[in-house]
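**Student:**
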Amino acid sequence: MKSLRMAAAAFAAVALAGLGLIAPTSAMALPSPIIDPTATVTLNIAKFLDNTTGQPNNGTQQTVSGTPLEGVDFDVYKFTTIDLTTNAGWAASIVLQDHTLTAGEIADGFVTVNSVNYPFTLVTTVTTDAAGLATFTQAAGAGLYLVNENLGTSTTTPDASTITPSAPFLVTLPMTDPVNLTSWMYDVYVYPKNQADSILKTVTDGNLGTTNQNAYTVGQNLTYHLASTIQATDSNGDGSINGADLSYYYVGDNLSTYVDAQSVTVSVGGTPLIGCDATAGAGTDCDYYYWLDYAAAAGDEVKIIMSTSGLDKIVAAKVFDAAAVVTTDIVATVTSVPSTGIIPNKGEFIPSEGWWIGQGGTDLTTPGTTTPPTTVPPTTTTPGIPSNEVVSKYGDMQFIKYDAKTSAPLTGAEFTVYRDLNNDDACAPAEMIVANQIGSPVTTDASGAVLFTDLQLSNFYNNATQTDLHYYCLVETKAPVGYNLNAQPIRFSVTVEGDVTNLAYTVGTADAQEVQVANEPSNLGNNLPLTGGAGVAAVSIVGLLLVGGGLGYYLVGARRREIEQDV
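Positions -29 to -1, 1 to 538 (mature numbering (1 follows the signal peptide of the UniProt record, and there is no 0)) are the ones given, in order, by the sequence shown.
1) Relative to the C-alpha of S154, which residue among D7, A105, D283 and N433 is closest?
2) List the residues that DSSP assigns as beta-bridge partners of E76.
3) Taking the straight line between their C-alpha atoms, what separation do you get for L(-26) and P139?
4) Among T126, G329, M403 and M368, whose alpha-carbon lies nearest the alpha-carbon of A420?
5) Would DSSP call L141 helix, strand or coil?
6) Please report the distance separating the alpha-carbon of residue 553 from that of V82.
7) What is the residue span of the beta strand (DSSP E) that V286 lies within?
8) Label P338 either buried or exposed according to how many other C-beta atoms from any shown protein chain fall within 10 Å of its C-beta, with 16 as the threshold for buried.
9) Would V239 and V302 be called neighbours here (beta carbons separated by less than 8 Å)?
10) Check for me: the alpha helix (DSSP H) holding S64 runs from which residue to which?
11) For P343, is the classification buried or exposed, using 16 other Cβ atoms within 10 angstroms of its Cβ as the cut-off for buried?
12) Rounded to a whole number of angstroms, what is the C-alpha to C-alpha distance between S206 and T135?
13) Using 8 Å as the cut-off, can you tell me whether the segment 179 to 193 makes contact with the segment 444 to 459, which would need three or more C-beta pairs spanning the two stretches below that distance?
14) Suppose the cutoff is 7 Å on Cβ atoms and the five residues either side in sequence are ignored; what does the same chain contact list for L67 look like?
15) Nearest-angstrom Cα distance between A63 and A111?
16) Is it buried or exposed for G241, if we count other Cβ within 10 angstroms and need 16 for buried?
17) What's the call for N490, buried or exposed, on a 16-neighbour Cβ count within 10 Å?
18) Nearest-angstrom Cα distance between N29 and K172?
19) Any chance the CB of V159 is under 7 Å from a heavy atom of the ligand GTP?
20) If you draw a straight line from the C-alpha of A(-7) to the C-alpha of F107, how long is it?
21) Q33 and Y160: beta carbons closer than 8 Å?
22) Our contact map puts P163 next to S137 with C-beta atoms below 8 Å; I'd like the distance itself, whole angstroms only.
23) Can you grab the Cα-Cα spacing for the pair A(-15) / T57, in whole Å?
24) Identify the residues that DSSP records as bridge partners of N151: which are they?
25) With 16 as the cutoff for other CB atoms within 10 Å, does K372 come out buried or exposed?
26) Measuring CB to CB, does L144 end up less than 8 Å from V12?
27) Between the alpha carbons of D384 and K364, how many angstroms are there, rounded?
28) Is the beta carbon of G103 closer than 8 Å to that of P39?
29) CA-CA distance, T204 and V290?
30) List the DSSP bridge partners of K18.
31) Who are the near neighbours of D271 in its chain, counting only those whose CB is closer than 6 Å to its CB and skipping five residues on each side?
32) Using a Cβ-Cβ cut-off of 6 Å (strictly less than) and excluding sequence neighbours within five positions of N359, which residues of its own chain qualify?
33) To test your reading of the DSSP string, which unbroken beta strand (DSSP E) runs of 3 or more residues are found completely within the segment 325 to 387?
34) If contacts are defined as beta-carbon pairs under 8 Å, then L428 and E468 qualify, I think. What distance do you get, rounded to the angstrom?
35) When the Cα atoms are used, what is the spatial distance from I461 to G366?
36) Would you mind stating whether T92 and E41 have Cβ atoms separated by less than 8 Å?
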């Protein structure tokens, strides 16, 4: 909720001064201490992005820094029952100073205070020019005005959807001149401040060996990081800068169907905040409430909403350190990979209730520190400020096993892929362990092929193209019959995302998603000398026969010689 405040600090003083005025007693020209009801009033609205604070807000023209915002619309309303040329009019207007204005009241056209209605009507809409200046001029226009920044109709640069509007404000025209306190100032300057809000998304999915940041394949975790800006201005004009100036803060992330949310944590300026599960009922000292899967949609919807204490903490952090942002970390598991090999993600956030109302939203409710929100978070029908998109990329690799001599494909070879965790030039045997193994062993089919799917690209991780490649190791864990195992692992990289589309096999013409592995026959196809085999036995038998025959021939010859000698 936004408090309705006077544009100038001098409002109360002006009101009191008005109460002390007396009506003129003659037809003479009105002296300067008396408001001239016929005078032309002018309101100059100077609009800058992140303009310097600390300037006097007394209605005079100031020198400010910042980027002029062109194309910002301001709706100027005038209260129809308050006449500032009378003491009664000033007395009536002072009761509106601390009223909390709602978007509904602006739409209805009246404010109710102490059971009294104060109607107002739209006079005109003015738009800032290239210098960031919008000017409203009204003849005989003395009165109390309500000015509402309408970003819903604005065409600003930067995009109006990234800008938090200034809160609606009241301004009296004229005002007491802060320099010459004896006269009225009919030409008034105001400097409502804008801040361009943004949300930056990053992903850590390729930090080797780091828990929840090394999603090299399905089943591994990555972390999405959302860094969103914080408003730290007295937007409700109550004289202090705290969470009430934001009144609401929301971060959302609709994850893709290929990942599953595991946890969400929030910090500001590096300091963790206390999170409570919004589905678990009452919590304790909750700085924010979260949903890991808000709706039964296609993908997990992660949402967080700051409580009152969370709002105070993030604003205090911003006041202490101008560079402070809210960081939302979402850990998710890769559950599958699309055929394109690309898993996209982007988030959104609502920086304040003022921004939400400026975009046409309705009033929001800020949860307390012990009770979860009673209303659901905003839906994407009126989206928040979007983040950039990040992607994780995965690809497939095909390996062909073939005979080194004949180029014939070999079936029955078994391969296993490991992550080269040290990312060195060699797939050391010490790294070929179960902890580094990716999936189960795969056996070559009749075409000699094995396919390993869903491997993170070696040259793209953490949402950026990399020159420090991450490698994989292919190990042949079982050789085809009659062939040798590979003597050492084959180191390879994955550089093309998506499914393998070319499954044809031609030796010597492998594409970027294929590695061809030659295999030599056992002992290079040579036969080893054998002992005790069938061939040796046959030779031995022949030898024995020859020896036996020779011995018989010798014995027969010797007997014949003995007979001849006897004769």
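Yeah, the Cβ is synthetic: ideal placement off N, Cα and C, and Gly gets one too.
Quantities reported herein were computed from a predicted structural model and do not represent experimental measurements.
**Tutor:** Reading off the structure:
1) Translated into positions along the sequence shown, residue 154 becomes position 183. Selection D7, A105, D283 and N433 evaluated against S154 yields D7 as nearest (Cα-Cα).
2) If you number the sequence shown from 1, residue 76 lands on position 105. E76 is not bridged to any residue.
3) In the sequence shown, residue -26 corresponds to position 4, counting from 1. In the sequence shown, residue 139 corresponds to position 168, counting from 1. Because the pLDDT of L(-26) is 49, which lies under 50, any placement of that residue in the model is unreliable, and the question is left without a value.
4) The residue labelled residue 420 in the question sits at position 449 within the sequence shown. It is M368.
5) Here residue 141 is taken as the residue at index 170 of the sequence shown, counted from 1. DSSP places L141 in strand when its eight states are reduced to three.
6) Not covered by the structure: residue 553. The range shown for the chain is -29 to 538.
7) If you number the sequence shown from 1, residue 286 lands on position 315. Segment T279 to F291 is the alpha helix (DSSP H) holding V286; no beta strand (DSSP E) there.
8) Here residue 338 corresponds to residue number 367 of the sequence shown, with the count starting at 1. Under this definition P338 is a buried residue.
9) Residue numbering aside, residue 239 sits at position 268 when the sequence shown is read from its first letter. Residue numbering aside, residue 302 sits at position 331 when the sequence shown is read from its first letter. Taking 8 Å as the Cβ cut-off, V239 and V302 do not qualify as a contacting pair.
10) By one-based count along the sequence shown, residue 64 stands at place 93. Unbroken alpha helix (DSSP H) run through S64: N58 to I65.
11) Position 372 of the sequence shown, counted from the first residue, corresponds to residue 343. Answer is buried; the Cβ neighbour count reaches 16.
12) Sequence index remark: in the sequence shown, residue 206 carries index 235 (1-based). Sequence index remark: in the sequence shown, residue 135 carries index 164 (1-based). For S206 and T135, the distance between alpha carbons rounds to 10 Å.
13) Segments in contact, no.
14) Taking the first residue of the sequence shown as 1, we reach residue 67 at position 96. Once the five neighbours on either side are set aside, the close Cβ partners of L67 are L(-26), V82, V84, Y89 and L141.
15) Mapped onto the sequence shown, residue 63 falls at position 92. Mapped onto the sequence shown, residue 111 falls at position 140. Spanning the alpha carbons of A63 and A111 requires a straight line of approximately 20 Å.
16) Translated into the one-based positions of the sequence shown, residue 241 becomes position 270. G241 is exposed by the Cβ-count criterion.
17) Position 519 of the sequence shown, counting from 1, holds the residue named residue 490. Its Cβ being crowded by 16 or more others within 10 Å, N490 is buried.
18) Within the sequence shown, residue 29 is the residue found at index 58, counting from 1. Within the sequence shown, residue 172 is the residue found at index 201, counting from 1. Going from the Cα of N29 to the Cα of K172 covers about 41 Å.
19) With respect to the ligand GTP, the structure offers nothing, as it holds no ligand at all.
20) Within the sequence shown, numbered from 1, the residue matching residue -7 stands at position 23. Within the sequence shown, numbered from 1, the residue matching residue 107 stands at position 136. In this prediction, A(-7) scores a pLDDT of 36, lower than 50, which makes its location untrustworthy; no coordinate-derived value is stated.
21) Against the sequence shown, residue 33 aligns to sequence position 62. Against the sequence shown, residue 160 aligns to sequence position 189. Yes, they are a contact pair.
22) Sequence index remark: in the sequence shown, residue 163 carries index 192 (1-based). Sequence index remark: in the sequence shown, residue 137 carries index 166 (1-based). Right, the Cβ-Cβ distance comes to about 3 Å (below 8 Å), so this counts as a contact.
23) Within the sequence shown, the letter at position 15 stands for residue -15. Within the sequence shown, the letter at position 86 stands for residue 57. Residue placement at A(-15) is flagged as unreliable, the pLDDT there being 42, under the threshold of 50; a coordinate-derived value is accordingly withheld.
24) Mapped onto the sequence shown, residue 151 falls at position 180. DSSP output for N151 lists no bridge partner at all.
25) Position 401 of the sequence shown, counted from the first residue, corresponds to residue 372. By the 10 Å Cβ count, K372 comes out buried.
26) As a first step, residue 144 is located in the sequence shown; it is residue number 173 there, counting from the start. As a first step, residue 12 is located in the sequence shown; it is residue number 41 there, counting from the start. The answer is yes: Cβ separation under 8 Å.
27) The residue you call residue 384 lines up with position 413 of the sequence shown. The residue you call residue 364 lines up with position 393 of the sequence shown. Contrary to the premise, residue 384 reads as Ala rather than Asp in this sequence. Those two C-alpha atoms are separated by around 29 Å.
28) Numbered from its first residue, the sequence shown carries residue 39 at position 68. Numbered from its first residue, the sequence shown carries residue 103 at position 132. In contact: P39 and G103 (Cβ atoms closer than 8 Å).
29) Numbered from its first residue, the sequence shown carries residue 204 at position 233. Numbered from its first residue, the sequence shown carries residue 290 at position 319. The alpha-carbon atoms of T204 and V290 are separated by roughly 9 Å.
30) On the sequence shown, residue 18 is found 47 positions in, with the first residue counted as 1. Answer is none; K18 lacks a bridge partner.
31) Mapped onto the sequence shown, residue 271 falls at position 300. Same-chain partners within the cutoff: L226, A232 and D264.
32) As a working note, residue 359 is residue 388 in the sequence shown. The beta carbon of N359 sits closer than 6 Å to those of K172, all from its chain and outside the five residues before and after it, given in chain order.
33) Within the segment 325 to 387, the complete beta strand (DSSP E) runs of at least 3 residues are 361 to 374.
34) Locating residue 428 in the sequence shown gives position 457, counting from the first residue. Locating residue 468 in the sequence shown gives position 497, counting from the first residue. The pair is a contact, with the Cβ atoms about 6 Å apart (cut-off 8 Å).
35) For this step, residue 461 is matched to residue 490 along the sequence shown. For this step, residue 366 is matched to residue 395 along the sequence shown. For I461 and G366, the distance between alpha carbons rounds to 18 Å.
36) Reading the sequence shown from its first residue, position 121 is the one you call residue 92. Reading the sequence shown from its first residue, position 70 is the one you call residue 41. Contact: no.
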